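Below is one structure, written out as structure tokens, with a few remarks after it.
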Amino acid sequence: MLRELKIKGLKWIDGIDLPEKKIEEILESYDFHELDIEAALEANQRARIDSYDDYLFLTLHFPKYNQLQKIYNLNEFHVFVGKDFLITLRDFEGQYIDDIYNKYEKKGENEYDLEISPGLVLYEIIQAMLEKMFQVSSNIRKDIRTIEKEVFRKSSSPLVKDILIKKRNIIVLKHMFQPQMGVLIALENHMKKLFNDDIEAYFEDLEDKLQRIITDILVLEEQVESLEDAFKSLIDIQTNGIIRLLTIFSAFMLPLTFVTSFYGMNIELPYQDSPEIAYISMFGSLVVLGAVFWVFLKRRKV
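Structural data, given as structure tokens:
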């Protein structure tokens, strides 16, 4: 999807999952550096900012939730911003950015007192995506609490899968946001040079929000690791209990096996001419030996 908004000297081009040829066509109509165009065409770029005299190029990453797989995927943003233009290229649609776009589209040129610049629109986009992350952190925290309750009620393979999914999501978010702190710090300085207004204060606020998000992610990482350790401990306890029962059963059967094997040998045995006495003696031996082993195991608390 491609859309374009012109308002009070600002041209905002917003592209979502565009083919490479279309992206190249749009970017080549501006005097952008060829390496920036190449980076915008390639997927899975690192978070970055390139500064030039008349524009900035940024690559930022935000999460996109996959409802079916219950995991977060990388939603890569490529942004070109200049004094009178803003170009945003992204992989997925997003309600937050749509709301910003629709807000300015409705206000239009009739709003003479409308305060708008490429820098302010970019601030609103990043601010909205960071605000969304607080809701993401809250949802993960609730999921971890739910899993914690289930862990101490039962142990099953679905819980293992849930824990691993949460751990994977947190790692993805951590690797997504930590490198972007340096980008936002650099962005603050470059925006001040490019627009020469009070926009610096806005981007300082973004740095604070990102730092809070990173702190939340690190806390969530500790929580899910603790949950994983608790789950492993419970599994170990259950496994040890099963092994204990098997050990008791094996020890109890050992003397019985010995007696039955002894009487099964093809040699002369006591009372072989008196089957009734032999059976009674064998059965009594089994009971006595079993009882002795049971008392022994109980005293050893096996």
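Mapping of the sequence shown onto the working numbering: residues 26 to 327, in sequence order.
Virtual Cβ for every residue (Gly too), placed ideally from N, Cα, C.
Computed from a predicted structure; not experimentally measured.
- The DSSP-derived three-state label of N214 is helix.
- Selection I41, K33 and D168 evaluated against K108 yields K33 as nearest (Cα-Cα).
- Boundaries around L83 are those of the beta strand (DSSP E), Y80 to N91, since no alpha helix (DSSP H) includes it.
- By the Cβ neighbour-count rule, D230 is exposed, with fewer than 16 other Cβ atoms within 10 Å of its own.
- The alpha-carbon of M278 is positioned some 20 Å away from that of N265.
- DSSP, reduced to helix, strand and coil, places Y97 within a strand of the structure shown.
- In the three-state reduction of the DSSP assignment, E140 falls in the coil class, being assigned neither a helical nor a strand state.
- About 15 Å separates the beta carbon of Q236 from that of A72, a gap too long to meet the 8 Å contact definition.
- With 16 or more other Cβ atoms inside 10 Å of its own Cβ, L83 counts as buried.
- In this structure, I196 keeps its C-beta atom at 7 Å or more from the C-beta atom of I150.
- For I112, the CB contacts under 6 Å within the same chain, skipping 5 residues up- and downstream, are I38 and F105 in chain order.
- Taking the CA atoms as reference points, Y55 sits about 15 Å from L35.
- At the C-beta level, M26 and I41 come within 7 Å of one another.
- I302 and R324 have their C-alpha atoms some 33 Å from each other.
- Burial check for V244: the Cβ neighbour count within 10 Å stays below 16, so the residue is exposed.
- The C-beta of P183 has fewer than 16 other C-beta atoms within 10 Å across all chains shown, which makes the residue exposed.
- Residue environment analysis places L270 among the exposed positions, since fewer than 16 neighbouring C-beta atoms fall within 10 angstroms of its C-beta.
- By the Cβ criterion, the region 249-268 is in contact with the region 165-179, since at least three pairs of Cβ atoms, one from each stretch, lie closer than 8 Å.
- Distance from the CA atom of H103 to the CA atom of Q248, rounded to whole angstroms, is 33 Å.
- L60 is positioned such that its CB atom lies no closer than 7 Å to that of E45.
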